[in-house]
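Protein chains in written order, with my numbering: chain Z, 1 to 264; chain A, 265 to 1055. Built from N, CA and C at the ideal position, the CB exists for glycine as well. This structure is a prediction, so every number in the text was calculated from the model and none was measured. As structure tokens, the structure follows; a few thoughts come after it.
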Amino acid sequence: MHDFGYHRPASVADVAGLLASKGEAKVVAGGMTLIPTLKQRLASPSDLVDLAGIAELKGVKAEGGGITIGAMTTHAEVHRSAEVQKTIPALAQLAGGIGDPQVRNRGTIGGSVANSDPAADYPAAVLGLGATIRTNKREIKADDFFKGMFETALQDGEIITAIHFPKPEKAGYSKFPNPASRYAIVGVFVARTAGGVRAAVTGAGPCAFRSKELESALGGSFTPEAAKAVKLGADGFNTDLHATAAYRAHLISVMAARAVAAAS
Amino acid sequence: MTATGIGASVKRKEDFRFLTGRGTYTDDINRPGQSHAYILRSPHAHAEIVKIDTAAAQSSPGVIAVFTGADYDKGGLPAGWQIHSKDGSPMVEPPHFPLCKDRVRHVGDQVALVIAETYAEAKDAAEKIDVTYKELPAIISTADADKPGKPQVWADAKNNVCYDWHLGDKAATEAAFAKAHHVTKIDLVNQRLVPNAMEPRAAVGDYDRATGEYTLYTTSQNPHVIRLLMGAFVLQIPEHKLRVVAPDVGGGFGSKIFHYAEEALVTWAAGKLHRPIKWTAERSESFLTDAQGRDHVSHAELAMDKDGKFLALRVSTIANMGAYLSTFAPCVPTYLYATLLAGVYTTPAIYAEVKAVFTNTVVVDAYRGAGRPEATYLLERLVDKAAREMKMDRVEIRRKNFISREAFPYQTPVALQYDSGDYDATLDGALKASDWAGFESRRAEARKRGKLRGIGISTYIEACGIAPSAVVGSLGARAGLYECGSIRVHPTGSVTVFTGTHSHGQGHETTFAQLVSDTLGISIDSVEVSHGDTNKIPFGMGTYGSRSLAVGGSAIVKAMDKIIAKAKRIAAHLMEASVADVEFKNGTFTVAGTDKSVPFGTVALTAYVPHNYPITELEPGLEETAFYDPLNFTYPGGCHICEVELDPDTGVTKIVNFTAVDDVGRVINPMIVEGQVHGGVAQGIGQALLESCVYDEQSGQLLTGSLMDYCMPRADDLPNFKVATQSTMCTHNPIGAKGVGEVGAIGSPPAIINAVIDALSPLGVQDISMPATPLKVWQAIQSAPAKMAAE
């Protein structure tokens, strides 16, 4: 990697100042995407602003019947959290299935959501549960957050501080992992909530998205059979070495059915 | 059998240092004053180098030197094997300079060498090298490379053909086909694989101005071969001034047999700069520069009589060499492939044609099994298809055509003479262990759960224990393939064993120690095995082709024979007896019919403290060296049976049972043998289900250039293996060993694919290519002639 300046602020307030004063600064959370990118010299920021020293960004707490997870909380911490396991077991299960143990011990929920990798797991949960993304500037509804491949509603200098998940009646997540990377080829998060059924898909499009077809079918009958009966066209889905758009379209129904079957 | 003797599962002596992080790998070696190398590589698959401007790089911080192809004044990397085409002409052997002179021929080709005080500085400087390329169209496809009008990799290789070779009796084969009752035909691709040893390649070059001696530390499976190739052919350094050390090496699988450009470059530049130079590959460089494996496109036809007896086989294969000829590349799709096409069957007439082609891709060379997995996959897929077409049982068609246990030695129509084997025994063992007979009820039970269950079989043979020098010499090898072993008995009776083989995961330090301690009757703790340093070991050909025990172990046995013969003379002197009356057993010399005895240790001490010694007849000391050149290849074989369950919803194939019953000859350490089979089968599963090296057909960019896209098998992809040996002894080496390193990777892929096809057969699916990924299986189900019944 190229040389860069390194900063480890102690508060969220200091982050904004650093980002404003350094020309090409980048924020690093767990670094699971950024560090490999730097090592491959695909990015050359002048400065890295490391969020690891900010205590207020860490931890899980119960809030308003749901849970709020600090942006710098690792996947392993979410997976092991008794609070998450009790309130939204599907979210704990999802966190425990991200990457491998090394990734789960370094990677963070804020980093994953801010990155909006098309094949990341967390965005499906954020959308599927109708979460609220809290930043150093405002609150953003999940439905307004994911804008495209590696694109979100976050503005320059804006960082995620926490994500609030309301408690669903039932939720489940099932993913079909890429055999090599174990990223989601397709991952489907389903939730039955007071406001209706939500079904979010990751891995299949440019970023995580809600499937109206699944939500409509599952709104009628929250059963695996209803999910499996949904037949999606291949248009707009990703095609790569590992999966065609048609295969992804098919897997969405299959994973949705499995997510419903596993929902609790 | 003792607790540490031949046949005991002794825990590996080397594992303490490996498991506690105390191994010494090439990258762990640091020489005083060491500098670091980075190699600028081609971003294009095929391009002319119009101009290279290194001025900015030369003045970059920390830079010691920048070299390009124009600066390099030594030889190219040689091919170690020469194949002749059908018409008698020698193969096309293009130059292979460690730094490209005027053209790059694959993505990753070496363009410039940057040496700096630190690796980061070398890499920073390389970014400042300005290379002007004129891009050229590239040829990537194996199947299309020899078609007219395609981009040409080498001007001398018309239609990209390196050689057009054949083996067998064409006329007899044609005649047998003419009278066949049925002919089964198959088209197969044996896909390209990336070896991916856990330890990336590395090299440290050093030059001693005081003595004029060069030292190369390198990740090699055969340091003496590297010394010979690099010293004699590339850099013109005589052997007595060149030391090659291959210390602990973290896996090779064939990819570390070959002589690589980086080894020559760091050695050459160390001599010019009078600085030690280290180069270590990044993983992405490993993908772009380690010799890759397999890559065959084949058509095969099997002629049978009305009873399913094989009459003749003809095979036509195109084999991809990549952009250059790697060290042993030419022999892999010829003498390690076509010679195996008889398999375990009595097919009387075989004719094989192999066309080797150049493409703008990374070189292809031996990878675990090397040629033999390709032959086995082709044969065992073909035999299964023949059984289906003849409406015969898959096991019975094999049995009917087996070479019988009474038929050995058996001369095949494709040059090999098998010395021993019992294919019915390994088949019976595997059928029983896998509960083949009970499979249909398991299939039916799975069907109730909505799963497609299948079972597949492969009965295979391979040729290893490489190799009789005279034979391989007549076939084009430019080296002998014997092995060397030395036994140094120290004055107090402990022993150092020097072997020219190299252990990079095989456990030689344990197996060879067992062999020596058992034979000499001394504690295994008194035996140290030394390998990997040309200054310590007289000579050696290294480790590949499952040869280490069969050939290297035999050299050790021969050296021990000499030790024992000399020790008997010393013992006879001490016991005042005739040498003819001295017996040696369990570490003690005795005189037949008396109670006289002398322990081995006393004889050793006497050899070095020869106060009471037959000094006029015998030299002091107790150290012997032997070279062993095998009389034949060895022929491990066996039967692999795989049982899979397919999820029709996702296309995922799960291996639910895997049984391997192998004939590997004499087993010294059953645990190590099992481990070798486990590892080989894991790689076979990798090839069958997971791994595929894919280039973009237009740009020649490697699309599977990292572990994010290239799928290596992981523990949770593997079942618990049922592994057993059912051995007949090799008849021509003193141990009886046949070799085990490659059997797992050779026998397993067709068993797995045959199982997948069997699972899909109720839907009418007849073919699926490797790797049988979830996508492919799902697509096969979608386009199957028969649909799955509604659940």
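> Roughly how many angstroms separate the alpha carbons of A/P487 and Z/K228, rounded to a whole number?
Replying inline: Numbered from its first residue, the second sequence carries residue 487 of chain A at position 223. Numbered from its first residue, the first sequence carries residue 228 of chain Z at position 228. For A/P487 and Z/K228, the distance between alpha carbons rounds to 59 Å.
>> I need the DSSP call for A/C426, collapsed to helix, strand or coil.
In response: Here residue 426 of chain A refers to the residue found at position 162 when the second sequence is read from its first residue. Residue state, collapsed to three classes: strand.
>> What does the Cβ neighbour count give for A/R811, buried or exposed, with the cut at 16 atoms within 10 Å?
In response: As a first step, residue 811 of chain A is located in the second sequence; it is residue number 547 there, counting from the start. Label assigned to A/R811: buried.
> Three-state secondary structure (DSSP) at A/A390?
Replying inline: As a first step, residue 390 of chain A must be located in the second sequence, where it is residue number 126. Three-state DSSP puts A/A390 in a helix.
> For chain A, is any of its Cβ atoms less than 8 Å away from the one on Z/A119?
Replying inline: The residue given as residue 119 of chain Z occupies position 119 in the first sequence. No, because no Cβ of chain A sits closer than 8 Å to the Cβ of Z/A119.
> Which residues share a DSSP beta bridge with A/R507?
Replying inline: Locating residue 507 of chain A in the second sequence gives position 243, where the first residue counts as 1. Per DSSP, A/T479.
>> Just checking: is the beta-carbon of A/V920 within a distance shorter than 8 Å of some beta-carbon in chain Z?
In response: Position 656 of the second sequence, counted from the start, is the residue given in the question as residue 920 of chain A. No, its Cβ sits nowhere closer than 8 Å to a Cβ of chain Z.
>> For A/E1055 and A/D648, what's the separation of their Cα atoms in angstroms?
In response: Numbered from its first residue, the second sequence carries residue 1055 of chain A at position 791. Numbered from its first residue, the second sequence carries residue 648 of chain A at position 384. Residue placement at A/E1055 cannot be trusted, given a pLDDT of 42 that sits under 50; what the coordinates show is reported in the next sentence. C-alpha separation (whole angstroms): 30 Å.
>> I need the boundaries of the beta strand (DSSP E) containing Z/L218, first residue and last residue.
In response: By 1-based counting over the first sequence, the position of residue 218 of chain Z is 218. Premise fails: Z/L218 lies in the alpha helix (DSSP H), 212-220, not in any beta strand (DSSP E).
>> At the 8 Å Cβ level, is A/T968 part of the contact set with chain Z, yes or no?
In response: Position 704 of the second sequence, counted from the start, is the residue given in the question as residue 968 of chain A. Output row for A/T968: interface = yes.
> What residue from A/I788, A/F848, A/K1051 has the CA that sits closest to A/G269's CA?
Replying inline: To locate residue 269 of chain A, count along the second sequence from 1; it is residue 5. Closest option to A/G269, Cα to Cα, is A/I788.
> For A/S698, does the count of other Cβ atoms within 10 angstroms reach 16, so buried, or fall short, so exposed?
Replying inline: As a working mapping, residue 698 of chain A is identified with position 434 in the second sequence. Buried, since its Cβ has 16 or more Cβ neighbours within 10 Å.
>> Can you tell me whether Z/H265 is helix, strand or coil according to DSSP?
In response: Because residue 265 of chain Z is not part of the residues shown, which for chain Z are 1 to 264, the question remains open.
> DSSP state of A/I1032, grouped into three classes?
Replying inline: Numbered from 1 along the second sequence, position 768 holds the residue referred to as residue 1032 of chain A. A/I1032 falls in the coil class under three-state DSSP.
> Would Z/Q155 be called buried (16 or more neighbouring beta carbons within 10 Å of its own) or exposed?
Replying inline: The residue labelled residue 155 of chain Z in the question sits at position 155 within the first sequence. With fewer than 16 other Cβ atoms within 10 Å, it is exposed.
> Run through DSSP, which three-state label would A/L895 get?
Replying inline: As a first step, residue 895 of chain A is located in the second sequence; it is residue number 631 there, counting from the start. Reduced to three states, the DSSP call for A/L895 is coil.
>> Please give me, in chain order, every unbroken run of the beta strand (DSSP E) with length at least 3 that falls completely inside the segment 494-562 of chain A.
In response: 506-509, 541-544
> Taking Z/M32 as the reference, which of Z/S44, Z/R106, Z/T244 has the closest Cα?
Replying inline: As a first step, residue 32 of chain Z must be located in the first sequence, where it is residue number 32. Considering only alpha carbons, the answer is Z/R106.
> Could one say the Cβ of A/V1065 lies closer than 8 Å to chain Z's Cβ atoms, at least one of them?
Replying inline: There is simply no residue 1065 of chain A to check, as chain A begins at 265 and stops at 1055 in what is shown.
> Per DSSP, which one or two residues make a beta bridge with A/S722?
Replying inline: The residue labelled residue 722 of chain A in the question sits at position 458 within the second sequence. Per DSSP, A/H904.
> Looking only at C-alpha atoms, which of A/V908, A/D512, A/D692 sits nearest to A/R286?
Replying inline: By one-based count along the second sequence, residue 286 of chain A stands at place 22. Measuring from the Cα of A/R286, the nearest candidate turns out to be A/D512.
>> Under DSSP, the alpha helix (DSSP H) around A/Q374 begins and ends at which residues?
In response: Numbered from its first residue, the second sequence carries residue 374 of chain A at position 110. Careful: A/Q374 lies outside any alpha helix (DSSP H), inside the beta strand (DSSP E) at 374-380.
> Can you give the beta carbon distance from A/V579 to A/A630, rounded, assuming they're within the 8 Å contact cut?
Replying inline: Mapped onto the second sequence, residue 579 of chain A falls at position 315. Mapped onto the second sequence, residue 630 of chain A falls at position 366. Incorrect: roughly 20 Å between the Cβ atoms, too far for contact.
> So, using beta-carbon positions, are A/S684 and A/C975 closer together than 8 Å?
Replying inline: Along the second sequence, read from residue 1 onward, the residue named residue 684 of chain A stands at position 420. Along the second sequence, read from residue 1 onward, the residue named residue 975 of chain A stands at position 711. Cβ distance not < 8 Å, so A/S684 and A/C975 don't count as in contact.
> If you run the structure through DSSP and keep just helix, strand and coil, what is A/I999?
Replying inline: Here residue 999 of chain A is taken as the residue at index 735 of the second sequence, counted from 1. A/I999: coil per DSSP, three-state reduction.
> For A/C903 and chain Z, any beta-carbon pair shorter than 8 Å?
Replying inline: Counting from 1 along the second sequence, the entry for residue 903 of chain A is found at position 639. No - not a single Cβ of chain Z is within 8 Å of the one on A/C903.
> Taking Cβ-Cβ distances below 9 Å as the criterion, which residues of the segment 383-406 of chain A are in contact with chain Z?
Replying inline: A384, K387, D388, E391
> Any beta-carbon of chain A closer than 8 Å to the one on Z/H242?
Replying inline: Taking the first residue of the first sequence as position 1, residue 242 of chain Z is located at position 242. Closer than 8 Å to some Cβ of chain A, the Cβ of Z/H242 qualifies, so yes.
> Ordered along the chain, which non-local residues of its own chain (more than five positions away) have a Cβ less than 6 Å from that of A/T858?
Replying inline: In the second sequence, counting from the first residue as 1, residue 858 of chain A sits at position 594. Excluding positions up to five away in sequence, the list is empty.
> Shortest alpha-carbon distance to A/I905 belongs to which of A/T880, A/K986, A/A946, A/K832?
Replying inline: Within the second sequence, residue 905 of chain A is the residue found at index 641, counting from 1. Comparing Cα-Cα distances from A/I905 to each of A/T880, A/K986, A/A946, A/K832, the minimum goes to A/K986.
>> By the 7 Å beta-carbon criterion, what residues does the segment 171-203 of chain Z contribute toward chain A?
In response: F176, P179, A180, S181
> Mind checking Z/N115: buried by the 16 CB within 10 Å criterion, or exposed?
Replying inline: For the purposes of this step, residue 115 of chain Z is identified with residue 115 of the first sequence, where counting begins at 1. Z/N115 comes out buried.
>> Against chain A, with Cβ distances strictly below 8 Å, would Z/L251 count as a contact?
In response: As a first step, residue 251 of chain Z must be located in the first sequence, where it is residue number 251. Z/L251 counts as touching chain A.
> To which residues of the same chain is A/S363 closer than 8 Å at the C-beta, ignoring the five residues directly before and after it?
Replying inline: Translated into positions along the second sequence, residue 363 of chain A becomes position 99. Ser is not the amino acid found at residue 363 of chain A; the sequence shown has Leu there. Hits under 8 Å: F331, T332, G333, D335, Y336, Q374, V375, A376, L377, A525, L529.
>> Under 8 Å, Cβ to Cβ, is there at least one residue of chain A near Z/Y6?
In response: Counted from its first residue, the first sequence places residue 6 of chain Z at position 6. No, its Cβ sits nowhere closer than 8 Å to a Cβ of chain A.
> Going by beta carbon distance, what residues of the same chain come within less than 7 Å of Z/A52, once the five residues before and after it are set aside?
Replying inline: Translated into the one-based positions of the first sequence, residue 52 of chain Z becomes position 52. Excluding residues within five positions, the ones whose Cβ falls inside 7 Å are R8, M72.
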